[in-house]
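Each remark here refers to the structure printed beneath this line.
Protein chains: 2
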Amino acid sequence: MNLLVDGGIVVSDKVIFDGAVAVEGNRIVAVGDSSELRKRFQGFERINARGCAVIPGLVNTHTHAAMTIFRGYAEDLPLFDWLNKRIWPAESTLTPKDIEVGAQLAAYESLLFGATTLNSMYFYSEDGSELHAFEKAGIRATVGHGFFEKTVESGLKITEEMARKWHGRDNGRLRVSVCPHAPYSTGPVSYKMAFELQKKLNSLYGERGKIILHTHVAESREEASVVKEAFNVDVSGGVVVYLSRLGVLSRDLVMAHTIHLTEEDVRVMKAFDVKPSLNPVSNLKLGMGVADIIKLIKDGLTVSLGTDGPASNNTLDMFETMKIVTLLVKGLHGDPTLLPSREAFKLATEYGAKALGYDDLGAIRPGYLADIVLLDLKVPHARPVHDIFAHLIYSARASDVRTVIVNGKIVVEDRKIVGVDMESFLEEVERVKESLVSRIRVS
Amino acid sequence: MNLLVDGGIVVSDKVIFDGAVAVEGNRIVAVGDSSELRKRFQGFERINARGCAVIPGLVNTHTHAAMTIFRGYAEDLPLFDWLNKRIWPAESTLTPKDIEVGAQLAAYESLLFGATTLNSMYFYSEDGSELHAFEKAGIRATVGHGFFEKTVESGLKITEEMARKWHGRDNGRLRVSVCPHAPYSTGPVSYKMAFELQKKLNSLYGERGKIILHTHVAESREEASVVKEAFNVDVSGGVVVYLSRLGVLSRDLVMAHTIHLTEEDVRVMKAFDVKPSLNPVSNLKLGMGVADIIKLIKDGLTVSLGTDGPASNNTLDMFETMKIVTLLVKGLHGDPTLLPSREAFKLATEYGAKALGYDDLGAIRPGYLADIVLLDLKVPHARPVHDIFAHLIYSARASDVRTVIVNGKIVVEDRKIVGVDMESFLEEVERVKESLVSRIRVS
Numbered sequence: 095m096n097l098l099v100d101g102g103i104v105v106s107d108k109v110i111f112d113g114a115v116a117v118e119g120n121r122i123v124a125v126g127d128s129s130e131l132r133k134r135f136q137g138f139e140r141i142n143a144r145g146c147a148v149i150p151g152l153v154n155t156h157t158h159a160a161m162t163i164f165r166g167y168a169e170d171l172p173l174f175d176w177l178n179k180r181i182w183p184a185e186s187t188l189t190p191k192d193i194e195v196g197a198q199l200a201a202y203e204s205l206l207f208g209a210t211t212l213n214s215m216y217f218y219s220e221d222g223s224e225l226h227a228f229e230k231a232g233i234r235a236t237v238g239h240g241f242f243e244k245t246v247e248s249g250l251k252i253t254e255e256m257a258r259k260w261h262g263r264d265n266g267r268l269r270v271s272v273c274p275h276a277p278y279s280t281g282p283v284s285y286k287m288a289f290e291l292q293k294k295l296n297s298l299y300g301e302r303g304k305i306i307l308h309t310h311v312a313e314s315r316e317e318a319s320v321v322k323e324a325f326n327v328d329v330s331g332g333v334v335v336y337l338s339r340l341g342v343l344s345r346d347l348v349m350a351h352t353i354h355l356t357e358e359d360v361r362v363m364k365a366f367d368v369k370p371s372l373n374p375v376s377n378l379k380l381g382m383g384v385a386d387i388i389k390l391i392k393d394g395l396t397v398s399l400g401t402d403g404p405a406s407n408n409t410l411d412m413f414e415t416m417k418i419v420t421l422l423v424k425g426l427h428g429d430p431t432l433l434p435s436r437e438a439f440k441l442a443t444e445y446g447a448k449a450l451g452y453d454d455l456g457a458i459r460p461g462y463l464a465d466i467v468l469l470d471l472k473v474p475h476a477r478p479v480h481d482i483f484a485h486l487i488y489s490a491r492a493s494d495v496r497t498v499i500v501n502g503k504i505v506v507e508d509r510k511i512v513g514v515d516m517e518s519f520l521e522e523v524e525r526v527k528e529s530l531v532s533r534i535r536v537s
Numbered sequence: 095m096n097l098l099v100d101g102g103i104v105v106s107d108k109v110i111f112d113g114a115v116a117v118e119g120n121r122i123v124a125v126g127d128s129s130e131l132r133k134r135f136q137g138f139e140r141i142n143a144r145g146c147a148v149i150p151g152l153v154n155t156h157t158h159a160a161m162t163i164f165r166g167y168a169e170d171l172p173l174f175d176w177l178n179k180r181i182w183p184a185e186s187t188l189t190p191k192d193i194e195v196g197a198q199l200a201a202y203e204s205l206l207f208g209a210t211t212l213n214s215m216y217f218y219s220e221d222g223s224e225l226h227a228f229e230k231a232g233i234r235a236t237v238g239h240g241f242f243e244k245t246v247e248s249g250l251k252i253t254e255e256m257a258r259k260w261h262g263r264d265n266g267r268l269r270v271s272v273c274p275h276a277p278y279s280t281g282p283v284s285y286k287m288a289f290e291l292q293k294k295l296n297s298l299y300g301e302r303g304k305i306i307l308h309t310h311v312a313e314s315r316e317e318a319s320v321v322k323e324a325f326n327v328d329v330s331g332g333v334v335v336y337l338s339r340l341g342v343l344s345r346d347l348v349m350a351h352t353i354h355l356t357e358e359d360v361r362v363m364k365a366f367d368v369k370p371s372l373n374p375v376s377n378l379k380l381g382m383g384v385a386d387i388i389k390l391i392k393d394g395l396t397v398s399l400g401t402d403g404p405a406s407n408n409t410l411d412m413f414e415t416m417k418i419v420t421l422l423v424k425g426l427h428g429d430p431t432l433l434p435s436r437e438a439f440k441l442a443t444e445y446g447a448k449a450l451g452y453d454d455l456g457a458i459r460p461g462y463l464a465d466i467v468l469l470d471l472k473v474p475h476a477r478p479v480h481d482i483f484a485h486l487i488y489s490a491r492a493s494d495v496r497t498v499i500v501n502g503k504i505v506v507e508d509r510k511i512v513g514v515d516m517e518s519f520l521e522e523v524e525r526v527k528e529s530l531v532s533r534i535r536v537s
């Protein structure tokens with residue numbers, strides 16, 4: 095189906111006031127003035143964008159989608175109690191059905207909130223249950239099966255099988271990644287095996303899209319010493335430096351968190367063009383600290399943003415994430431001129447897409463993939479509009495999303511997921527949760 | 095009109111799952127189980143709260159409501175450029191009409207976002223133009239005319255006149271405050287005169303509700319030295335200590351910001367039960383720093399929250415403010431157990447009400463004023479519900495507000511302001527903005 099998004103404020107490389115975007119198949123084919131494009135693309139189905147901002151879909155570069163099912167389940171706890179007493183016991187009882195429902199919920203929330211791409215790491219996806227959910231929901235996603243030192247063999251096998259079956263599905267909308275969990279939970283040999291698998295999968299399936307490596311790095315202050323303790327390895331220079339000695343760094347590597355880095359860590363990240371994904375909401379909520387985004391940007395890294403899992407956020411709201419990261423930069427450096435809103439917007443769009451190995455996503459640009467969000471401006475909190483980027487970062491609410499197009503298909507219309515009876519789905523979510531909680535209590 | 099809010103999760107002193115709230119006139123008369131209250135209050139108009147959380151309206155204890163008109167007008171600038179180059183030149187051209195429209199916009203945004211009470215300081219309210227707006231919009235508000243050293247005489251006169259005409263209007267919904275702007279802009283004698291006026295007005299009109307003093311304190315690191323420089327006064331010990339020496343402290347004093355306090359400042363605030371209003375979003379955005387809320391709470395102060403004006407936020411979203419203040423506490427102290435969500439919720443409700451001199455507002459409690467918000471839980475980002483307070487602080491979005499009652503009257507129904515044609519009002523906002531911008535450019 096061909097679409098003409100018509101009559102909105104189009105936030106492309108420049109801002110077009112009465113603008114339009116033409117979409118053929120899953121790609122943007124033209125961006126320009128409404129009057130002109132209306133003439134050129136007469137047969138296209140017209141989507142009225144009057145009173146809306148037309149923006150690229152937001153890209154969430156780090157989450158654990160299925161964990162929506164634990165939203166609010168483990169609160170106000172130190173990290174290790176959060177994990178050991180609440181999250182891990184709960185996770186141990188999860189069924190593939192729970193994971194699918196959780197991931198579906200995450201996809202709906204994300205789409206309704208204008209995030210069209212998720213980079214999700216989760217476990218138990220032997221049968222691709224997150225992927226099934228994302229396939230159904232119509233969201234763009236990169237999905238990896240996280241593995242630890244103990245589960246590396248099965249982990250690599252599952253990953254390979256997932257890649258074979260799923261990578262590049264639905265016209266490239268779904269991708270698979272390789273996910274060693276973290277340097278403190280996954281040993282040096284396993285990281286090397288993961289890297290080798292990444293190379294192999296890219297040579298096998300690379301023409302269907304990049305296969306990235308996705309891992310957690312430097313979330314806690316103690317990580318280096320925990321890594322050393324766990325695997326008796328040399329972590330001098332920092333955790334990233336240690337990984338670089340293993341030879342696993344590349345431009346196709348997303349490192350989530352990267353809060354506690356050394357100077358050398360940042361240098362090697364830059365040298366290999368590694369992609370840090372910052373998760374400010376989760377990091378604050380769990381008391382992990384604040385990543386120095388300004389340093390990373392100044393040093394030339396491609397920084398993107400994630401929400402982390404909804405058990406430690408507790409949303410998948412990328413608008414909130416953009417605002418909070420911007421506020422933190424200005425507030426903690428005491429300098430309101432840092433990270434202007436036009437730049438902050440790129441973190442959650444273009445740079446996010448680059449992090450996931452796309453060179454044709456994250457902007458409203460001819461030739462790019464058609465992931466487009468229409469944001470209602472006819473609401474009191476959006477008025478008046480003096481500056482559209484300030485609006486997008488500070489005033490827009492995720493709930494302003496009216497229409498969402500992913501890969502050229504309309505997935506949200508008039509603030510509703512197309513073709514889904516949300517009320518009965520949410521009842522199913524509560525049933526899954528009740529059953530889950532009863533199992534945790536029994537076990 | 096009598097109302098029965100029926101069938102929701104009522105967040106009262108305890109959480110009532112199938113709960114109800116009965117309202118007679120402008121007061122809550124009963125809170126309890128739905129089945130019981132339905133029998134007791136049969137003639138009451140029934141408001142269906144099924145699938146909703148029923149919470150007290152949020153209280154925003156520091157804003158400059160009319161500044162919505164400058165939302166996004168002055169971005170990414172240092173404070174003094176923000177003020178001198180953008181805000182003050184723009185403010186100098188404001189008409190009473192601009193202020194009324196700006197304040198009306200602020201009231202609508204606030205109500206739609208579940209904030210039922212505003213504490214607003216603004217200028218040029220000789221004819222009560224913010225008050226006219228708030229009267230029309232149906233929001234609860236305390237309004238003061240801010241004055242500087244140069245305008246103290248007219249300021250006090252205007253305040254007195256405003257109090258005579260407006261204080262306690264509409265069944266106590268509107269109140270007037272006395273607003274010396276800040277210690278660096280308003281001198282010691284003026285503060286004393288303001289305090290005397292507060293006493294006088296309380297003795298004249300106190301039975302219609304408390305008249306508070308509302309001022310900015312310790313927003314910037316340099317404030318003490320600027321005060322000393324400007325007025326040649328003794329600021330040893332801190333800015334609050336200086337104000338205490340003037341004899342103007344009391345429990346009926348709201349101090350906005352209070353970021354840069356000395357130990358002695360906090361001690362005298364506690365001694366007089368002064369009410370700090372923290373504005374974390376604005377403070378971060380302008381690079382002013384972060385108030386140490388945990389210290390203030392531990393020292394026994396009644397801390398409340400404000401958004402500040404929408405030119406430095408850029409919203410009036412108190413849900414966002416609750417989340418950000420909680421995240422900052424946990425993240426910057428590195429301790430996720432601090433400020434649990436049940437406590438954080440009080441900052442924006444009960445403690446906010448206390449700060450504004452109410453002892454019967456900010457909770458769903460029999461005898462309390464009927465400011466009630468119904469929050470939709472039938473949305474993906476609210477599910478599942480494991481913990482209602484975690485939901486309110488972390489997952490709820492301001493846009494979940496479905497119904498709002500202020501002083502016993504329904505002002506928001508089905509996410510719309512009752513009786514307002516929003517589309518044409520927002521067109522008026524854009525016209526006011528256009529005219530304003532053209533006048534600034536010319537001047």
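Line by line, the protein sequences are chains A and B. Each number in the numbering used here corresponds to the 1-based position in the first sequence with 94 added. Each number in the numbering used here corresponds to the 1-based position in the second sequence with 94 added. We put the beta carbon where it would ideally sit given N, CA and C, even for glycine.
Can you tell me the Cα-Cα spacing of residue i and residue j, whole angstroms?
{"i": "residue 283 of chain B", "j": "residue 174 of chain A", "result": "55 Å"}
{"i": "residue 465 of chain A", "j": "residue 120 of chain A", "result": "8 Å"}
{"i": "residue 316 of chain B", "j": "residue 332 of chain B", "result": "11 Å"}
{"i": "residue 537 of chain B", "j": "residue 180 of chain B", "result": "Here the model assigns residue 537 of chain B a pLDDT of 48, short of 50, so the residue's position is not dependable, and the following value carries that caveat. Roughly 12 Å separates the two Cα atoms."}
{"i": "residue 169 of chain A", "j": "residue 482 of chain A", "result": "36 Å"}
{"i": "residue 439 of chain B", "j": "residue 486 of chain B", "result": "7 Å"}
{"i": "residue 491 of chain A", "j": "residue 308 of chain B", "result": "30 Å"}
{"i": "residue 144 of chain B", "j": "residue 498 of chain A", "result": "29 Å"}
{"i": "residue 314 of chain B", "j": "residue 382 of chain B", "result": "6 Å"}
Between the options, which lies nearest to residue i when the distance is taken from Cα to Cα?
{"i": "residue 520 of chain A", "options": "B:531, B:474, B:488", "result": "B:474"}
{"i": "residue 232 of chain A", "options": "A:205, A:485, A:458, A:429", "result": "A:205"}
{"i": "residue 203 of chain B", "options": "A:476, A:523, A:237, A:415", "result": "A:476"}
{"i": "residue 510 of chain B", "options": "B:310, B:494, B:97, B:378", "result": "B:494"}
{"i": "residue 323 of chain B", "options": "B:340, B:345, B:293, B:278", "result": "B:278"}
{"i": "residue 452 of chain A", "options": "A:300, A:531, A:361", "result": "A:300"}
{"i": "residue 248 of chain B", "options": "B:448, B:234, B:218, B:370", "result": "B:218"}
{"i": "residue 369 of chain A", "options": "A:390, A:382, A:524, A:379", "result": "A:390"}
{"i": "residue 182 of chain A", "options": "A:405, A:400, A:134", "result": "A:405"}
{"i": "residue 354 of chain A", "options": "A:345, A:347, A:335, A:339", "result": "A:335"}
Tell me residue i's beta-bridge partners as DSSP assigns them.
{"i": "residue 127 of chain B", "result": "B:113"}
{"i": "residue 299 of chain A", "result": "BP columns for residue 299 of chain A are empty, so no partner."}
{"i": "residue 470 of chain A", "result": "A:146"}
{"i": "residue 209 of chain B", "result": "B:152"}
{"i": "residue 157 of chain B", "result": "B:214"}
{"i": "residue 98 of chain B", "result": "B:116, B:140"}
{"i": "residue 458 of chain B", "result": "DSSP lists no partner for residue 458 of chain B."}
Buried or exposed for residue i, going by 16 or more other Cβ atoms inside 10 Å?
{"i": "residue 196 of chain A", "result": "buried"}
{"i": "residue 116 of chain B", "result": "buried"}
{"i": "residue 394 of chain B", "result": "exposed"}
{"i": "residue 267 of chain B", "result": "buried"}
{"i": "residue 417 of chain A", "result": "buried"}
Practice item. Let me know the beta strand (DSSP E) ranges lying completely inside the stretch 256-316 of chain B, each 3 residues or longer, listed in chain order. Key: Qualifying beta strand (DSSP E) stretches, in chain order: 268-274, 307-311.
**Study point:** Those runs of the beta strand (DSSP E) which lie wholly inside the stretch 224-254 of chain A and span at least 3 residues
**Key:** The qualifying runs are 234-241.
**Study point:** Runs of alpha helix (DSSP H) lying entirely within the stretch 307-382 of chain B, each at least 4 residues, in chain order
**Key:** Inside the stretch 307-382 of chain B, DSSP marks whole alpha helix (DSSP H) runs of 4 or more residues at positions 317-325, 333-340, 357-366, 374-379, from first to last along the chain.
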